[in-house]
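Take a look at the structure set out below.
Residue numbers (the working numbering), protein chains in the order written: chain A, 4 to 422; chain B, 27 to 260.
What follows is the structure, given as structure tokens:
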């Protein structure tokens, strides 16, 4: 008890250096826990994004790239696939359902995806959940749009609002399809996946707004009004990718092989789970590097603490001698120093965890819009507790060094107080 | 009346073959107030560390209150010191980060015996502190509130006296406690110290190089006169 009291008051007496030490430890702990948190959250949020899909098919590129642009809306497709190929493959006898995906346009920073009504009937996320509407219903008319929960929330849309789609991606595209505005007919429930940040329209609508466009720009003198476009043949010519659900999972590998060997067009079919695993393998190097760096940062914090304590130790020899004279044993002196580092590490760990939660709460919206990372704020995971425990042990071990020095000093100095 | 401190054939050197102390027998009775005179560098601090049971003698024996220190283990010697010896140093006796009261109560935090004695005599630790502060002329509300680092040197040394005496240890060792004081406060400090020791029956071993102080004590021991190492050097 007395030692706690002494350690506490002694630390308070050295406020500035103690606070700086505390800060460096807490920032390092925040980093350590943060890297771990983002790592696990990234995994679970990716794993939750698509569920129940057997194959994803796109133009031939890499499996990871196909997975990223088709499902996670990260990056772009290198090329499209023809409507005929889609028609042919989705008509295969083993195929239960198919969802076409056509990407490339955006609405105020959110991606616009052309698809069919099958999307609302068959697309599943998380634990095989179907998409639900919080308002309205699926698109029916040509210029109908269904927006994700975040789009609606951020832009304040309700059913009936008019929106304009911009050509290409990015927030400040100058080329707008403003001659063919859309009407919001449905708003989806939040899913914690990229669906929340997507504006969904029909494939025909994508075709219609591009009727009078060629290679990325509007053809001069050839404007086609919204009404005229609706009268035209809007059969899509190309799509970006499609998702397949099979009648029996047994057929997956067989169908995958035949799609990959499709003669008319270079296609790639991937199993989402396998591609996800490849993605993890790819990222694990970076993850390990990040974890290693954050561990090193924690060590830097602890070394900073060691420096502060060792530097102050010489000035504190008088304090030790006084304590010895009033009956403190050398073991008390050792315990006192260890108590100080333990207290500093503990406070640093608590502060670091609080900083992390505050930071995550503050940057949550930004993480989801900039990186598609949906963070859930929960209590620390067992592994995070383990990390905190290791930091504590390391802190106590570090305390042994000044503790032992002070112990030696107090044996050598005894009661003679040196200046 | 038994002896408080008894040194017999005490020899000590920090390095083998280099004796610092080789003392003739010394005996200080309980309640006796002794002035130990010695210039700096004559082994004073070493002797205090020996009597304070911090270091072990090479040869000879140290008996405090009839207990042979040689027979005690390291931690038992620490406990013995906490229970039976109070210390006052030259200066900077106080821990700057503790209040005046907590500084005075430090010995009671490490020694159950001294805590018990203080509580028995005064009712509670707070009352014990109040008693010593009254006696030493420090019981001023304004003083109590202030951090100990803002006290004058004389006031700090009086707080150190209260700390050394609380819980009535049988032996008080004072190492040049007046060297940082001016002559007026030195005399009043010595009067207070002597009367407090008298009241509690504490044996006082007062170490100083300043022979002008020796009139305040029952008896003077010249360290150089009893240290055979010094005689050899002369």
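All residues carry an ideal CB built from backbone N, CA and C; glycine is no exception.
Note that this is a predicted model, so its numbers are computed, not measured.
Cβ neighbour criterion (16 or more within 10 Å) applied to residue i
{"i": "residue 256(A)", "result": "exposed"}
{"i": "residue 78(B)", "result": "buried"}
{"i": "residue 386(A)", "result": "exposed"}
{"i": "residue 149(B)", "result": "exposed"}
{"i": "residue 144(B)", "result": "buried"}
{"i": "residue 296(A)", "result": "exposed"}
{"i": "residue 67(B)", "result": "exposed"}
{"i": "residue 181(B)", "result": "buried"}
{"i": "residue 85(B)", "result": "exposed"}
Among the options, nearest to residue i - alpha-carbon criterion
{"i": "residue 233(B)", "options": "114(B), 29(B), 123(B)", "result": "114(B)"}
{"i": "residue 202(B)", "options": "33(B), 70(B), 101(B)", "result": "70(B)"}
{"i": "residue 309(A)", "options": "56(A), 117(A), 25(A), 120(A)", "result": "25(A)"}
{"i": "residue 341(A)", "options": "402(A), 311(A), 317(A), 354(A)", "result": "402(A)"}
{"i": "residue 106(B)", "options": "117(B), 37(B), 93(B)", "result": "93(B)"}
{"i": "residue 318(A)", "options": "5(A), 7(A), 13(A)", "result": "13(A)"}
{"i": "residue 261(A)", "options": "21(A), 58(A), 23(A)", "result": "58(A)"}
{"i": "residue 163(A)", "options": "157(A), 146(A), 169(A), 178(A)", "result": "146(A)"}
{"i": "residue 244(B)", "options": "227(B), 58(B), 39(B), 32(B)", "result": "58(B)"}
{"i": "residue 152(A)", "options": "117(A), 368(A), 388(A)", "result": "368(A)"}
{"i": "residue 314(B)", "options": "100(B), 228(B), 191(B)", "result": "Outside the shown range of chain B (27 to 260) lies residue 314(B), about which nothing can therefore be said."}
{"i": "residue 98(A)", "options": "245(A), 397(A), 357(A), 414(A)", "result": "245(A)"}
{"i": "residue 132(B)", "options": "6(A), 277(A), 94(A), 239(A)", "result": "6(A)"}
{"i": "residue 283(A)", "options": "231(A), 143(A), 35(A), 50(A)", "result": "50(A)"}
{"i": "residue 69(A)", "options": "23(A), 166(A), 126(A), 277(A)", "result": "277(A)"}
{"i": "residue 361(A)", "options": "11(A), 29(A), 23(A)", "result": "29(A)"}
{"i": "residue 348(A)", "options": "398(A), 183(A), 337(A), 213(A)", "result": "398(A)"}
{"i": "residue 65(A)", "options": "279(A), 233(A), 336(A)", "result": "279(A)"}
{"i": "residue 19(A)", "options": "52(A), 311(A), 92(A), 35(A)", "result": "311(A)"}
{"i": "residue 352(A)", "options": "365(A), 394(A), 60(A), 320(A)", "result": "394(A)"}
Chain-order list of residues whose beta-carbon lies under 6 angstroms from that of residue i (same chain, five-residue window excluded)
{"i": "residue 417(A)", "result": "none"}
{"i": "residue 140(A)", "result": "189"}
{"i": "residue 422(A)", "result": "For residue 422(A), the predicted model reports a pLDDT of 43, less than 50, meaning its position is unreliable; a value from the coordinates is still stated below. Excluding positions up to five away in sequence, the list is empty."}
{"i": "residue 195(B)", "result": "110, 111, 112"}
{"i": "residue 31(A)", "result": "300, 301, 304"}
{"i": "residue 328(A)", "result": "418"}
{"i": "residue 274(A)", "result": "none"}
Beta carbon of residue i nearer than 8 angstroms to that of residue j
{"i": "residue 363(A)", "j": "residue 123(B)", "result": "no"}
{"i": "residue 129(A)", "j": "residue 54(A)", "result": "yes"}
{"i": "residue 216(B)", "j": "residue 187(B)", "result": "no"}
{"i": "residue 259(A)", "j": "residue 272(A)", "result": "yes"}
{"i": "residue 206(A)", "j": "residue 62(A)", "result": "no"}
{"i": "residue 170(B)", "j": "residue 126(B)", "result": "yes"}
{"i": "residue 236(A)", "j": "residue 227(A)", "result": "no"}
{"i": "residue 333(A)", "j": "residue 414(A)", "result": "yes"}
{"i": "residue 158(A)", "j": "residue 111(A)", "result": "yes"}
{"i": "residue 33(A)", "j": "residue 358(A)", "result": "yes"}
{"i": "residue 174(B)", "j": "residue 129(B)", "result": "yes"}
{"i": "residue 313(A)", "j": "residue 10(A)", "result": "no"}
{"i": "residue 142(A)", "j": "residue 150(A)", "result": "no"}
{"i": "residue 83(B)", "j": "residue 36(B)", "result": "yes"}
Cβ neighbours of residue i in the same chain (closer than 8 angstroms, five flanking residues each side left out)
{"i": "residue 376(A)", "result": "41, 44, 45, 48, 370"}
{"i": "residue 229(B)", "result": "30, 31, 54, 55, 56, 57, 58, 59, 60, 196, 197, 198, 223"}
{"i": "residue 239(A)", "result": "86, 103, 105, 117, 206, 207, 209, 210"}
{"i": "residue 192(A)", "result": "134, 135, 136, 137, 152"}
{"i": "residue 65(B)", "result": "235, 250"}
Cβ-Cβ separation, residue j to residue i (assumed contact under 8 angstroms), whole Å
{"i": "residue 243(A)", "j": "residue 105(A)", "result": "5 angstroms"}
{"i": "residue 316(A)", "j": "residue 409(A)", "result": "6 angstroms"}
{"i": "residue 53(B)", "j": "residue 32(B)", "result": "5 angstroms"}
{"i": "residue 113(A)", "j": "residue 202(A)", "result": "6 angstroms"}
{"i": "residue 200(A)", "j": "residue 168(A)", "result": "Not really, about 15 angstroms apart at Cβ, beyond 8 angstroms."}
{"i": "residue 136(B)", "j": "residue 331(A)", "result": "6 angstroms"}
{"i": "residue 307(A)", "j": "residue 56(A)", "result": "Wrong, their Cβ atoms sit about 50 angstroms apart, outside the cutoff."}
{"i": "residue 254(B)", "j": "residue 48(B)", "result": "4 angstroms"}
{"i": "residue 322(A)", "j": "residue 121(B)", "result": "6 angstroms"}
Cβ neighbours of residue i in the same chain (closer than 7 angstroms, five flanking residues each side left out)
{"i": "residue 83(A)", "result": "62, 241, 242, 243"}
{"i": "residue 108(B)", "result": "133, 136, 137"}
{"i": "residue 2(A)", "result": "Beyond the ends of chain A as shown, which are 4 and 422, falls residue 2(A); an answer cannot be given."}
{"i": "residue 4(B)", "result": "Look at the range of chain B in this structure, 27 to 260, and you will see that residue 4(B) is not part of it."}
{"i": "residue 212(A)", "result": "168, 180, 183"}
Heavy atom of the ligand NAP within 7 angstroms of residue i beta-carbon
{"i": "residue 250(A)", "result": "Looking at this structure, you won't find the ligand NAP or any other ligand, since it has none at all."}
For the region 330-353 of chain A, which residues have a beta carbon sitting closer than 9 angstroms to at least one beta carbon of chain C?
Of the chains in the structure shown, none is chain C; the protein chains are A and B.
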